[in-house]
Each structure stands twice: as C-alpha cells, then as structure tokens.
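So the structure is just underneath, and the comments pick up after that.
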Amino acid sequence: MTKIILNALKQTSGVFSIATLLIANSALANQVSVEQLANTQGVNTNTTNYPTTSSELPTASQGDTSSEEVEIPGDTRLQNLKDPSLKIPGAELEQVDPMGQVTSVTQLSDVQPTDWAFQALQSLVERYGCIVGYPDGTYKGNRAMTRYEFAAGLNACLDRITELVAAATADLVTRDDLAVLQRLQEEFATELAELRGRVDALEARTEELEANQFSTTTKLNGETLFWLSDTFGERAEARGRSASDDDRTETTFAYRVRLNFDTSFTGKDRLRARLQANEVPNYSGGDLTNTLMTRLSTDSSPSDDVSLSKLAYRFPVLNGKGRVEVAATGYGVDDFAEPITPLQSGSGGSFSRFGRFNPLFYRAPSDAGVKLAYGFSDAIKLSVGYGAPDKEDPREGRGVFNGGFSGFGQLTIEPNDKIAFQLGYVRAYHPKDSVNLSGSTGSFLARDPFDGRATTADTINFEAQWRVTDGFQIGGWGGASFARPEDDDDSDDITIVTGALTLAFPDLLKEGSLGEWELHRRWPFIIVRVIFLP
Numbered sequence: 021m022t023k024i025i026l027n028a029l030k031q032t033s034g035v036f037s038i039a040t041l042l043i044a045n046s047a048l049a050n051q052v053s054v055e056q057l058a059n060t061q062g063v064n065t066n067t068t069n070y071p072t073t074s075s076e077l078p079t080a081s082q083g084d085t086s087s088e089e090v091e092i093p094g095d096t097r098l099q100n101l102k103d104p105s106l107k108i109p110g111a112e113l114e115q116v117d118p119m120g121q122v123t124s125v126t127q128l129s130d131v132q133p134t135d136w137a138f139q140a141l142q143s144l145v146e147r148y149g150c151i152v153g154y155p156d157g158t159y160k161g162n163r164a165m166t167r168y169e170f171a172a173g174l175n176a177c178l179d180r181i182t183e184l185v186a187a188a189t190a191d192l193v194t195r196d197d198l199a200v201l202q203r204l205q206e207e208f209a210t211e212l213a214e215l216r217g218r219v220d221a222l223e224a225r226t227e228e229l230e231a232n233q234f235s236t237t238t239k240l241n242g243e244t245l246f247w248l249s250d251t252f253g254e255r256a257e258a259r260g261r262s263a264s265d266d267d268r269t270e271t272t273f274a275y276r277v278r279l280n281f282d283t284s285f286t287g288k289d290r291l292r293a294r295l296q297a298n299e300v301p302n303y304s305g306g307d308l309t310n311t312l313m314t315r316l317s318t319d320s321s322p323s324d325d326v327s328l329s330k331l332a333y334r335f336p337v338l339n340g341k342g343r344v345e346v347a348a349t350g351y352g353v354d355d356f357a358e359p360i361t362p363l364q365s366g367s368g369g370s371f372s373r374f375g376r377f378n379p380l381f382y383r384a385p386s387d388a389g390v391k392l393a394y395g396f397s398d399a400i401k402l403s404v405g406y407g408a409p410d411k412e413d414p415r416e417g418r419g420v421f422n423g424g425f426s427g428f429g430q431l432t433i434e435p436n437d438k439i440a441f442q443l444g445y446v447r448a449y450h451p452k453d454s455v456n457l458s459g460s461t462g463s464f465l466a467r468d469p470f471d472g473r474a475t476t477a478d479t480i481n482f483e484a485q486w487r488v489t490d491g492f493q494i495g496g497w498g499g500a501s502f503a504r505p506e507d508d509d510d511s512d513d514i515t516i517v518t519g520a521l522t523l524a525f526p527d528l529l530k531e532g533s534l535g536e537w538e539l540h541r542r543w544p545f546i547i548v549r550v551i552f553l554p
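Just so you know, the numbering used here puts 55 at position 35 of the sequence shown, and the rest follows in order with no gaps.
As structure tokens, this is what we get:
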C-alpha cells in the first residue's frame, strides 16, 4: 500500500477510493495554508451546507472545540496564516467553526464512509474535482480507506483549491470549504507529514538511480557458470582408436562468463551484443573419452579470451504480429527457431549437449542469418529463416549463398499454457570436408557418414511438451535426417534417427532449480541439477 500511495503523489490527477489514489503532484513540498487561502481574493464568503449539528454528525467529545493549529514539519501553509495583510471581507475565519461539535478522527485507524471526515472530503471532491476517479469512469466513493489514502486525497484537494485561489477564480472557494480543509489538515497532520517524507525519500532514490544507471537505452545483464566435472570409465573405440580400460580424464573446475548488452531504440526492438569467455573443457578428444556423447552443454575449445559471441538485431513488422531478426554472428537454428523444451538452455537446462534438443534439426549449419516469425494467433506461430556458417569467407564455394547453409521452417502450436507442440523442417548443405550432420553431438558415424564428401540432408523434427503440474513436466522429441552425398548419384542414401523422452522438475528443492530425467535412444540416465539463483 505504501508503494500505491507514493505513486499516487507523483501523478497530476487520479483517484479517491479504498485502494488506489492517483492525485495531483505538488504534494507537500510547497504547501499553502488554508487560512492564507481564505485571506486571498477569489474566495467566496458564502457558506456551504456541511453537516454541523449533533443530529447530522457523531457527538463531539467534551473540550473538542479548540482550533489549535497542528503544524506539519516543513509545511508553509499554516505558517503563512500569520500574515496580517491577508484579509477577506466579513468575519474572521477563526470565528467560523462549523465542525466544532464533531467527533475527532485522530485516533481512527481507518476512515469509514460514515465518518465526518470522509463526508467532508467527499463534498470537496465533488465541488472542486480534486480527484477524477478510476480509469473506467467510476468514483467508488462509498469505500473505506486507510488514513494514508485519505491524507493523499486531502492533499489533492489542498493543491486544487490552492490553484483556484492563485488564479483569482471568484465565487468558487467558500470560507466554509477552507474551514473544512483546515480541520482536516489538523486531524491528518501526522499522515501528511509522513507522506511528504516518503515522497522525498522516493525522489532521492529516483535521482540516485538516474545518476547511476548504466545507460538510458542499453541494459546490461550477465551470467557466470562454474563447472566441477569429470568423466569415468574406459575410452570408447572409434576413429581408428581402440578402447582403453583406464580412466584418462581428471576432475576439472572451469567457468563460462557472459555479458549481454541489450539496446532498444524504439522500445519494441532489440540489438543484442554478447561478450563471452569460456574454458569449460570438451571431453570428446581422442586422448580422453573418444566419444561425442560425453560433451557438456556449454563446453568449447578452452580459452580465457573474451570474444563477441553474439550480435543480432530484431524488430517488429506486420503491425506487431511478426518479427524479423537479423544475426551477424553466433546464431544457430536453435536461436532463430526456439525449442519449447525446458531443457534447451545450456545454463538453465540440460548439462548434456545431447539432452538439450534434437541435434539433427537445431544444429544444422548456421552462424549468421535472418528469421521471420509470424503469430497467426496467441496459439499458433510460424518461423522461417536462413542461416550461413561461412558468411565471412570470400573463397569459392563459401560465403553466404555458395557455402554451407540451412533453410528452415518451424510451426509452434500452444493451445493453452500446459500443452505445446512443434513441427519443424530444415534443408542443410555441408561442403566437402566440412560435414557435420549432428552438430558434433551423438556418434561420429552420424556426424559424417560419407567420409567428408559434400552432403545434403533433409531433416524433420517433432516435439511435444505437457506441463502436468507447476513442478512436473513431461515431454519428448524425435526426428529423422535423410542424407545423401552430392558427388555420387549412385551412392546409397542414409537415414539417421534420434529421439528422447524427458521428465523435468522445475523448482526442485529450491526456486529456480531444475531436476531432469532423460531417456535417450542409446541409454537412459538421470540428471539432477540444482541451480541456485539470488
């Protein structure tokens, strides 16, 4: 509620009700005494019919006839009452006490619609338009409110009447209205002072944030991962190397750090530049495990060098229903056509490279490219795009169009927030001696089945996810790649099939953690990871 009140004091107009008050902005920093207002031209000396008799209002406590002023620290409105030069014709304001016999509300914890203070302020609101009401055009003036909400509304009326008097608007402000304001100001002096202090603190905090913000157009966010890892067991037999009974790897401790700079020029677009340093080891080397199946989700060729790992710009098109994304470097098919599996992230998903998503589809050749995504509805989205891994290489058989490439399309259907399906197709070309059908995931045979000859592959992918509960999600994916060499029409084609069944346990043990179980085509294994977030 405090945040609601503070936000209320920052607006130019607003609402008077039980829960939300959006009020005028001059607040309490430059307050003007209601008696000073009474002694200013533009004040009508006619009286207003406020409830003043015992039959109309609660009975007053004995001795409650004092009009002693309760000054708010820093409040100049009451102090300026002492100026003898400010007078109005007729009787002095101090002689008019239309609320002298009413019950004090100083000790009330809430202000009810039946209280005189509520009714008095409501009358002022209706007469002077201090508060305009809710955005739907309703006033909701029959609800109780806290004393701080009431004080915010009272301050709005003080500001409004100050403006009217300053403009010398005749016949609008009456002496009785000013008397009501004075009494209300006395009753709620503590709340008014506290509100002013909170506003001052909020302004100071806002100034501090503005002075120390990273950029007005760019947001900086970072991520650091620490890996303690090892492999166990014999070396695999592959690539002309025999199996080995001894364990050839040692325990390692490594890191990956990323800094993302996200810049927006219109509020709806995004330019992302990512800096990265990564020394997570690749265990698949021939002198280590000799298999791609031991690769971690974030491994690389270890290096402490900081490099530009991603650079892309996206913006809306087609009246906001579509989005175009152009990438200069670091974008795979999985960045253009995002998978729906919760395990797809290398930092917050599966720590197995194979377990993130279907490698035959999402690891098709790409580094730079373009994508168009279009939403037919909230439930159906289509993404199409083109990626090129050798975009900067000017040699023959390379470049954007004559080198390796992938052209893809993906249809995503999400009928509700619990079920989602994806169907995708990609056609990929791998130049001679650069064939990598599986994206260095799975077996070496699936990676390069034709011994380095230029290869074309057509791959389909299907995926489904079902969020059974907030803490349990079941899903899976399957796909097939139909590959053939480009330099020998008589050669047999090859079909590569892959799939997985996954169980995910979001927020396992702790919010932000993830437990997962994966059943792959070759063997089942359980992965439980706990990600501790601040």
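Just so it is clear, CB atoms sit at the ideal spot from N, CA and C, and this is done for glycine as well.
The model shown is predicted, which means the values in this text are computed figures rather than measured ones.
Query	Result
Could you please give the first and the last residue of the uninterrupted beta strand (DSSP E) stretch that includes T515?	514-526
Once DSSP output is grouped into helix, strand and coil, what is the label at E214?	helix
Near I360, what residues of its chain come up, given a Cβ to Cβ distance below 7 Å and the 5 sequence neighbours on each side ignored?	T432, A440, Q442, E483, Q485
At the level of alpha carbons, what is the spacing between A408 and G352?	9 Å
When you compare only the Cα positions, how much space is there between E254 and I514?	30 Å
What beta strand (DSSP E) runs, 3 residues minimum, are completely inside the segment 455-514?	475-489, 492-505
If we count the other Cβ atoms within 10 Å of its Cβ and call it buried at 16 or more, is S397 buried or exposed?	exposed
Quick one: which unbroken alpha helix (DSSP H) runs of 4-plus residues sit fully inside the segment 327-381? Chain order, please.	353-356
Take T318 and list the residues in its own chain whose beta-carbon comes closer than 6 Å to its own, dropping the five residues that flank it on each side.	R276, V300, G366
Between the alpha carbons of G306 and A503, how many angstroms are there, rounded?	26 Å
How long is the line joining the alpha carbons of F425 and V219, rounded to whole angstroms?	58 Å
For a test of the three-state rule: what should DSSP assign to Q233, helix, strand or coil?	coil
Just to check my reading of the structure: D354 and Y382 have Cβ atoms closer than 8 Å, yes? What is that Cβ distance to the nearest angstrom?	4 Å
Can at least three beta-carbon pairs, one atom from the segment 453-470 and one from the segment 513-531, be found at a separation below 8 Å?	yes
In its own chain, which residues sit with a C-beta less than 8 Å from the C-beta of G491, not counting the 5 before and 5 after it?	F525, P526, D527, L528
Between R473 and the rest of its own chain, which residues show a CB-CB distance below 8 Å, the 5 nearest in sequence each way excluded?	K452, V455, P505, E506, D507, D508
Please state whether DSSP places Y303 in a helix, a strand or coil.	coil
Are the beta-carbon atoms of L308 and R268 separated by less than 7 Å?	yes
Tell whether a beta-carbon distance below 7 Å holds between P379 and S458.	yes
Nearest by alpha-carbon distance to N422: which of N280, G429, D413 is it?	D413
Count the CB pairs spanning the segment 164-176 and the segment 210-226 that are closer than 8 Å, and state whether there are at least three.	yes
Counting C-beta neighbours from all protein chains within 10 Å, is the total for I181 16 or more, i.e. buried, or is it exposed?	buried
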